[in-house]
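Notes to accompany the following structure.
Protein chains in written order, with our numbering: chain A, 1 to 315; chain B, 1001 to 1315.
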């Protein structure tokens, strides 16, 4: 088990100072792949969480109908309607062209979230797979959630041993991933199972539950920050956006955007970003629940992100 | 007449405790079938009322143009644009496929509301009918309001003797349902008429009026909670969402999500949920009217739902 206090201190080191010397984009640029015929809130929650936690730019890459709606949620997001569902004249060549178009955005972003509101539409999943494979070639960190995990569960090779990946399964998704990797559903502790799963996958995994259990296959850290008893849909999407922010900040740290002692290793970033995201979303949920009680919805967390981040991680 | 105090005590027993041990979805998942070319507010009011009263997830199943708008009202709803109006190449097979698609959502929900903003478009009514018949096969509780009642008035067999159904007619809809069932428009009291209508239909009926009269064909309970003198459109939609929440909670109660004395019978749930919904919407309306007076709109009720529910039914 890694000490939480040590991790908190390290996270504080990757939060960029707020300086008048920076240019647009240096404090982070995030891309979210998701948003389909049935789901628009999820991709919005992920992208707006990144923006509200302090990145400079957040992109959403989605299906055109979803794009119209997500653009409407916020003029602060950049929403690219590149993906398609159920096309009649679908062809491999066309899919490649769409994936090329998405990949043209890669130089403009530091980290990719794949999955919020993606749906299980076969074509959407095909794009997601193509986008993940392309992002890996470019060495782009990738966070995978929701229907992106469905993809990975059926084809683990897509992401296996890509150390810049973070997977964020909930209880059911975690069980299915364990099944895929042949980890028996026995009485082993969740900590042990998470460690084993992340070791087998060669990626960082957050097992979201009453506590969030984070492992990169070497060590385990538990996030037991008090959250809220409301389990309304969408809080996991907020989490992915927050993790994306900290991973983007990790890049800025590595690039020496500001002077520091270079004490954080690149390999530590996925776990630090994961722990930061888990603590922030839980505290936002606790504060929002205090205000709204049983009526609390995920959108109520959004205005809490900034103050909570400052409270937990300002230097 | 059933004693209101006894009913209030029973309702308090089906409100789930707020526990950190639950997973997403366990506090309720609601589906609303409605939302068409002409109407988008109604289905939104119903779904958001369910969410604001404390279910974890609320789905809307509607026509694509309506979906874009309803998604825009709130990123917290899941809106499925599966239904169609006035299609040129309409066919029975195509309708069946659409109904199949809707039915695929049934394992993900605990209760269905049919009618808010459905319209009287022939094709929309055909889907609604197909969806109701399919939901009955799955033993899913169904709340029918507005244009869903138009459907039932013309073809009562669709819902007759389905004990998990709640019908929520206003004065005019009630008169038409009575006509259909051959109950004369005489001087018999409304309580007596509601009792007779619900007995003949074999479902729970709420006759919405100055007082709300609720009967399951065996007993009658009157909700005379003070509401507001504003009769703006949409308050009935809020009611359906609230009833849906309590019916979903009834399922959680039956599933023993928490420890309890098992004193509530399944057969009591429709009446308990109906009474809870009527009291909450009336008190929300009273409180909103106090604040907004003649300007009060139905959307003004939404932020009142949480505090009112806590005041009336917290344990």
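No residue lacks a Cβ here, since even glycine has one placed at the ideal position from N, Cα and C.
What does the alpha-carbon distance come out to for the pair residue 1246 of chain B and residue 172 of chain A? Residue 1246 of chain B sits at position 246 when you count from the first residue of the second chain. Residue 172 of chain A sits at position 172 when you count from the first residue of the first chain. Using only the alpha carbons, I get a separation of about 26 Å.
In terms of DSSP beta bridges, what is residue 55 of chain A paired with? Within the first chain, the letter at position 55 stands for residue 55 of chain A. Paired residue(s): none; residue 55 of chain A is not in a bridge.
DSSP three-state call for residue 143 of chain A: helix, strand or coil? Within the first chain, residue 143 of chain A is the residue found at index 143, counting from 1. Residue 143 of chain A falls in the strand class under three-state DSSP.
For residue 92 of chain A, name the three-state secondary structure that DSSP assigns. Start at 1 with the first residue of the first chain, and residue 92 of chain A comes out as number 92. Here residue 92 of chain A sits in helix by DSSP.
Which listed residue (A:242, A:47, A:126) has its alpha carbon closest to that of residue 93 of chain A: The residue given as residue 93 of chain A occupies position 93 in the first chain. The shortest C-alpha separation from residue 93 of chain A is found at A:126.
Can you give me the Cβ contacts of residue 1164 of chain B inside the same chain, cut-off strictly under 6 Å, excluding the 5 residues immediately before and after it? Mapped onto the second chain, residue 1164 of chain B falls at position 164. Cβ within range, chain order: 1141.
Tell me residue 204 of chain A's beta-bridge partners as DSSP assigns them. As a first step, residue 204 of chain A is located in the first chain; it is residue number 204 there, counting from the start. BP columns for residue 204 of chain A point to A:166.
Nearest by alpha-carbon distance to residue 231 of chain A: which of A:288, A:206, A:52, A:57 is it? Locating residue 231 of chain A in the first chain gives position 231, where the first residue counts as 1. Ranking the options by Cα distance to residue 231 of chain A, first place goes to A:288.
Between residue 208 of chain A and residue 236 of chain A, how many whole angstroms is the CB-CB distance? I'm expecting something under 8 Å. Along the first chain, read from residue 1 onward, the residue named residue 208 of chain A stands at position 208. Along the first chain, read from residue 1 onward, the residue named residue 236 of chain A stands at position 236. So it is a contact: roughly 6 Å between Cβ atoms.
Count the other C-beta atoms from every protein chain shown that fall within 10 angstroms of the C-beta of residue 212 of chain A, then say buried if there are 16 or more, exposed otherwise. Position 212 of the first chain, counted from the first residue, corresponds to residue 212 of chain A. Under this definition residue 212 of chain A is a buried residue.
is_contact[residue 1311 of chain B, chain A] using C-beta, thresh 8 Å: In the second chain, the residue the question calls residue 1311 of chain B occupies position 311. Chain A contact via Cβ: absent.
Kindly list the residues whose CB is nearer than 7 Å to the CB of residue 40 of chain A, restricted to its own chain and excluding five residues on each side of it in sequence; keep chain order. Within the first chain, residue 40 of chain A is the residue found at index 40, counting from 1. 66, 69, 70, 117, listed in sequence order.
Are any of the Cβ atoms in chain B nearer than 8 Å to that of residue 210 of chain A? Taking the first chain and counting its residues from 1, one reaches residue 210 of chain A at position 210. Yes, its Cβ sits closer than 8 Å to a Cβ of chain B.
Closest to residue 249 of chain A by C-alpha separation, out of A:7, A:4, A:3, A:12, would be which residue? Counted from its first residue, the first chain places residue 249 of chain A at position 249. Cα-wise, what sits closest to residue 249 of chain A is A:12.
Buried versus exposed, by CB contacts within 10 Å (16 or more), residue 1060 of chain B: For this step, residue 1060 of chain B is matched to residue 60 along the second chain. With 16 or more Cβ atoms within 10 Å of its Cβ, residue 1060 of chain B is classed as buried.
Against residue 1019 of chain B, what residues of chain A qualify as contacts under a CB-to-CB distance less than 9 Å, listed in chain order? Reading the second chain from its first residue, position 19 is the one you call residue 1019 of chain B. The answer, in chain order, is 229.
Residue 1223 of chain B lies in the alpha helix (DSSP H); which residues open and close that run? Taking the first residue of the second chain as position 1, residue 1223 of chain B is located at position 223. Here residue 1223 of chain B belongs to no alpha helix (DSSP H); instead the beta strand (DSSP E) covers 1220–1223.
Kindly provide the ranges of any beta strand (DSSP E) runs that are 3 or more residues long and lie completely inside the segment 1090–1141 of chain B, ordered along the chain. 1111–1114
In this structure, does DSSP put residue 1031 of chain B in helix, strand or coil? Start at 1 with the first residue of the second chain, and residue 1031 of chain B comes out as number 31. Residue state, collapsed to three classes: strand.
Going residue by residue through the segment 217–274 of chain A, where are the continuous alpha helix (DSSP H) segments of at least 4 residues, counting only ones entirely within it? 235–254
For the beta strand (DSSP E) that residue 79 of chain A lies in, which residues bound it at each end? Counted from its first residue, the first chain places residue 79 of chain A at position 79. Here the beta strand (DSSP E) through residue 79 of chain A covers 78–80.
Would the beta-carbon of residue 119 of chain A fall within 8 Å of that of residue 37 of chain A? In the first chain, the residue the question calls residue 119 of chain A occupies position 119. In the first chain, the residue the question calls residue 37 of chain A occupies position 37. Cβ distance < 8 Å, so residue 119 of chain A and residue 37 of chain A count as in contact.
Hey, how far is the Cα of residue 1170 of chain B from the Cα of residue 1194 of chain B? Here residue 1170 of chain B is taken as the residue at index 170 of the second chain, counted from 1. Here residue 1194 of chain B is taken as the residue at index 194 of the second chain, counted from 1. Their Cα atoms are separated by approximately 12 Å.
Are the C-beta of residue 45 of chain A and some C-beta of chain B separated by less than 8 Å? Counting from 1 along the first chain, the entry for residue 45 of chain A is found at position 45. Yes, residue 45 of chain A counts as interfacial toward chain B.
Please decide whether residue 147 of chain A counts as near chain B, where near means a Cβ-Cβ distance under 8 Å. Numbered from its first residue, the first chain carries residue 147 of chain A at position 147. No, because no Cβ of chain B sits closer than 8 Å to the Cβ of residue 147 of chain A.
Which of helix, strand or coil DSSP assigns to residue 183 of chain A: The sequence position of residue 183 of chain A within the first chain is 183, counting from 1. If DSSP states are grouped into helix, strand and coil, residue 183 of chain A belongs with coil.
By a C-beta neighbour count over all protein chains shown, 10 Å radius and 16 as the cutoff for buried, is residue 218 of chain A buried or exposed? As a first step, residue 218 of chain A is located in the first chain; it is residue number 218 there, counting from the start. Flag for residue 218 of chain A reads exposed.
Positions along the segment 269–294 of chain A whose CB lies within less than 9 Å of some CB in chain B: 289, 292, 293, 294
From residue 1196 of chain B to residue 1274 of chain B, what distance separates their C-alpha atoms? Here residue 1196 of chain B refers to the residue found at position 196 when the second chain is read from its first residue. Here residue 1274 of chain B refers to the residue found at position 274 when the second chain is read from its first residue. If I take the Cα positions, the gap works out to 18 Å.
Just checking: is the beta-carbon of residue 298 of chain A within a distance shorter than 8 Å of some beta-carbon in chain B? Locating residue 298 of chain A in the first chain gives position 298, where the first residue counts as 1. Yes - at least one Cβ of chain B is within 8 Å of the one on residue 298 of chain A.
Once the 5 residues before and after residue 138 of chain A are set aside, which same chain residues still bring their CB inside 6 Å of it? For the purposes of this step, residue 138 of chain A is identified with residue 138 of the first chain, where counting begins at 1. For residue 138 of chain A, where only same-chain residues beyond five positions count, the Cβ hits under 6 Å are 106.
Examine chain A for any beta-carbon lying closer than 8 Å to the beta-carbon of residue 1022 of chain B, and answer yes or no. Taking the second chain and counting its residues from 1, the one referred to as residue 1022 of chain B is at position 22. Yes - at least one Cβ of chain A is within 8 Å of the one on residue 1022 of chain B.
For residue 38 of chain A, which residues in chain B fall below 7 Å Cβ to Cβ? Mapped onto the first chain, residue 38 of chain A falls at position 38. Within chain B, the residues near residue 38 of chain A are 1078, 1080.
Measuring only the C-alpha atoms, how far is residue 1309 of chain B from residue 1264 of chain B? What you label residue 1309 of chain B is simply residue 309 of the second chain in a count that begins at 1. What you label residue 1264 of chain B is simply residue 264 of the second chain in a count that begins at 1. Each residue's alpha carbon lies about 20 Å from the other.
Would you say residue 65 of chain A reaches chain B, if we count a Cβ-Cβ gap shorter than 8 Å as a contact? Residue mapping note: residue 65 of chain A aligns to position 65 of the first chain, counting from 1. Yes - at least one Cβ of chain B is within 8 Å of the one on residue 65 of chain A.
Going by C-alpha distance, which of B:1006, B:1228, B:1303 is nearest residue 293 of chain A? Numbered from 1 along the first chain, position 293 holds the residue referred to as residue 293 of chain A. That would be B:1303, whose Cα lies nearest to the Cα of residue 293 of chain A.
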